[in-house]
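Novice: Each residue of the sequence shown is one higher than the one before, starting from 9 at the first, in this note's numbering. Note that CB positions come from ideal geometry on N, CA and C, so glycine has one too. None of these values were measured; they are calculated from a predicted model.
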Amino acid sequence: MPTQLSPYLSYDGNCADAMRFYAELFGAKLEALITFGQMPQEMPCPPGGEHRVMHAHLVHPGFSLMAGDTPPGMAYQGIQGAMMAISFDEPAEAQRVFAALSQGGTVTMPLAETFWAQTFGMVTDRFGTPWGINGGPKAMPAAPAQG
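Here is the structure:
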């Protein structure tokens, strides 16, 4: 298997709902959704965590996404200092995804044209995941050569 980089998101009891929503939104396959209660006996489930997600894995031809709920007794810090950035060839697809992620969420930057895309916007969805949505990429200047 080639090297792959996949984000691993943390939730506070709503991981299953978030991953099912993302699977439907992006036309992806939810390949794993394992709760703490389904762990082997040699790895006992933390009390009260039976229905929390220990590991979820979403697979799409263009990306994969992993996630889980924080175990009981561990403080949930939220998703900080990062966002999920996704790009679409067509602005209409970016608009569709942005609208879906905005429902029950918080728009931090409305969709608008930028120098790098025909449309770009930022939203934190109802699950607390921050997103940057690009649609219709524009040509970018080449990075300067490193010497």
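So, for M158: in the same chain, excluding its five sequence neighbours on each side, which residues have a beta-carbon less than 6 angstroms away from its beta-carbon?
Specialist: Outside the shown range of the chain, which is 9 to 155, sits residue 158, and nothing can be said about it.
Novice: Along the alpha helix (DSSP H) that carries A100, what are the first and last residues, could you check?
Specialist: Run containing A100: P99 to S110, per the alpha helix (DSSP H) assignment.
Novice: Assuming A83 contacts Y19 under a Cβ cut-off of 8 angstroms, what Cβ separation, rounded to an integer in Å, is found between them?
Specialist: With a Cβ gap of about 13 angstroms, A83 and Y19 do not count as contacting.
Novice: Examine the Cβ distances between the region 63-77 and the region 97-114 and report whether three or more of them are shorter than 8 angstroms.
Specialist: Contact between the region 63-77 and the region 97-114 is absent, because fewer than three Cβ pairs lie under 8 angstroms.
Novice: In three-state terms, what does DSSP make of G125?
Specialist: The residue you asked about is not Gly; residue 125 is Ala in the sequence shown. In this structure, A125 counts as strand in the three-state DSSP scheme.
Novice: Note down the Cα distance separating P52 from A153, rounded to an integer number of angstroms.
Specialist: About 53 angstroms.
Novice: Can you check which of these residues, P69, G45, H59 and L41, is closest to Q12 by C-alpha distance?
Specialist: Nearest C-alpha to Q12: P69.
Novice: Once DSSP output is grouped into helix, strand and coil, what is the label at L66?
Specialist: Three-state result, L66: strand.
Novice: In chain order, what residues of the same chain have a beta carbon less than 6 angstroms from the beta carbon of F135, not counting five sequence neighbours either side?
Specialist: Answer for F135: N22 and A26, listed in chain order.
Novice: Quick one: give me the first and last residue of the beta strand (DSSP E) that E39 is part of.
Specialist: First-last of the beta strand (DSSP E) with E39: K37 to T43.
Novice: Whole-angstrom Cβ separation of G113 and T127, contact assumed at under 8 angstroms?
Specialist: About 17 angstroms separates the two Cβ atoms, so there is no contact after all.
Novice: Which first and last residues belong to the alpha helix (DSSP H) in which D25 is found?
Specialist: D25 -> alpha helix (DSSP H) spans C23 to F34.
Novice: Can you determine whether any heavy atom of the ligand ADP sits closer than 7 angstroms to the C-beta of Y19, and answer yes or no?
Specialist: Ligands displayed in this structure: none; no statement on the ligand ADP is therefore possible.
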